[in-house]
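K.L.:
I have a structure here, written as structure tokens, and I will follow up with some questions on it.
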């Protein structure tokens, strides 16, 4: 199943986790530490009335990640990637309705793939991010391919296991964040 189809079929919690995972992997571009979005993950893990404090936790995360001018000294790609990550953060819906979450999760998916495409040292071929999300993966660059696999795996985990899949989804997101942090660091060292 393509990423587009998985997002179309996901429930509210799956959509929130999908968007949050994309944002979580891009936290290095926003100057945040690895624990900054943990309260939002915890909100999703609540069994009864999940996410009742979602809106409040969203606002707290926004306040902590509002770092004007970050990343300092970054190149064009890093700056553009940081703008995309900032937009993901700014668009997190405080209302947990399926329509809002689906629109946000879809936009986060596109933005995260675009961020990885901007920061990948290898060319991603001529295909667009939209084509990648629809399943056309020929000549994908390694960084974009890994991000696409993570997005699909997270949605499949949540579809198959519901809230029980959140721990594995968080682990996948953490792995992706480490990869992106390493890429940003390597690019910064290359400019010195």
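Numbering (the working numbering), first residue to last: 654 to 845. Beta carbons are placed, not taken as given, at the ideal position from N, Cα and C, and that holds for glycine.
Suppose contacts are defined by Cβ-Cβ distances below 8 Å. Is residue 825 in contact with residue 839 by that definition?
P.N.:
As a first step, residue 825 must be located in the chain shown, where it is residue number 172. As a first step, residue 839 must be located in the chain shown, where it is residue number 186. No, they are not a contact pair.
K.L.:
Starting from residue 791, follow the alpha helix (DSSP H) in both directions and report where the run begins and ends.
P.N.:
As a position in the chain shown, residue 791 is number 138, starting the count at 1. Unbroken run through residue 791: none, as it is neither H nor E.
K.L.:
Between the stretch 693-709 and the stretch 780-794, are three or more C-beta pairs nearer than 8 Å?
P.N.:
Counting Cβ pairs under 8 Å, fewer than three are found: no touch.
K.L.:
If you follow the alpha helix (DSSP H) that residue 711 is part of, which residue opens it and which one closes it?
P.N.:
For the purposes of this step, residue 711 is taken as residue 58 along the chain shown, with counting starting at 1. Looking at the DSSP string, the run of the alpha helix (DSSP H) that includes residue 711 is 707-718.
K.L.:
Let me know the secondary structure DSSP gives residue 773 once reduced to three states.
P.N.:
The residue you call residue 773 lines up with position 120 of the chain shown. If DSSP states are grouped into helix, strand and coil, residue 773 belongs with coil.
K.L.:
To the nearest whole angstrom, what separates the beta carbons of residue 711 and residue 747, a pair I think is in contact under 8 Å?
P.N.:
For the purposes of this step, residue 711 is identified with residue 58 of the chain shown, where counting begins at 1. For the purposes of this step, residue 747 is identified with residue 94 of the chain shown, where counting begins at 1. The Cβ separation is near 5 Å, so the contact holds.
K.L.:
Please classify residue 820 as buried or exposed, where buried requires at least 16 other C-beta atoms within 10 Å of its C-beta.
P.N.:
As a working note, residue 820 is residue 167 in the chain shown. Classification of residue 820: exposed, given that the 10 Å Cβ count is below 16.
K.L.:
Which class does residue 763 belong to by DSSP, given the choice of helix, strand or coil?
P.N.:
Within the chain shown, residue 763 is the residue found at index 110, counting from 1. Helix, per DSSP.
K.L.:
Considering only C-alpha positions, which residue in the set 731, 740, 736 and 689 is nearest to residue 717?
P.N.:
Your numbering for residue 717 matches position 64 in the chain shown. Checked all of 731, 740, 736 and 689; the closest Cα to residue 717 is 689.
K.L.:
Exposed or buried, what is residue 800 when buried is set at 16 or more other beta-carbons lying within 10 Å of its beta-carbon?
P.N.:
Looking up residue 800 in the chain shown gives position 147. Looking at its Cβ environment, which holds 16 or more other Cβ atoms inside 10 Å, residue 800 is buried.
K.L.:
Looking at the secondary structure, which residues open and close the alpha helix (DSSP H) in which residue 800 lies?
P.N.:
Walking along the chain shown from the start, residue 800 turns up at place 147. Segment 795-814, the alpha helix (DSSP H) holding residue 800.
K.L.:
Would you mind working out which of 719, 685, 675 and 669 sits nearest residue 695, comparing C-alpha positions?
P.N.:
Numbered from 1 along the chain shown, position 42 holds the residue referred to as residue 695. Closest option to residue 695, Cα to Cα, is 669.
K.L.:
Taking the Cβ atom as the reference point for each residue, do residue 674 and residue 822 lie within a distance shorter than 8 Å?
P.N.:
In the chain shown, counting from the first residue as 1, residue 674 sits at position 21. In the chain shown, counting from the first residue as 1, residue 822 sits at position 169. Result yes, Cβ atoms of residue 674 and residue 822 sit closer than 8 Å.
K.L.:
Would you report the Cα separation of residue 700 and residue 671, rounded to the nearest angstrom?
P.N.:
Within the chain shown, numbered from 1, the residue matching residue 700 stands at position 47. Within the chain shown, numbered from 1, the residue matching residue 671 stands at position 18. Looking at the two C-alpha atoms, the distance is approximately 18 Å.
K.L.:
My guess is that residue 830 and residue 680 are in contact by the Cβ rule of under 8 Å, so how many angstroms apart are they, rounded?
P.N.:
Along the chain shown, one-based indexing puts residue 830 at 177. Along the chain shown, one-based indexing puts residue 680 at 27. The pair is a contact, with the Cβ atoms about 6 Å apart (cut-off 8 Å).
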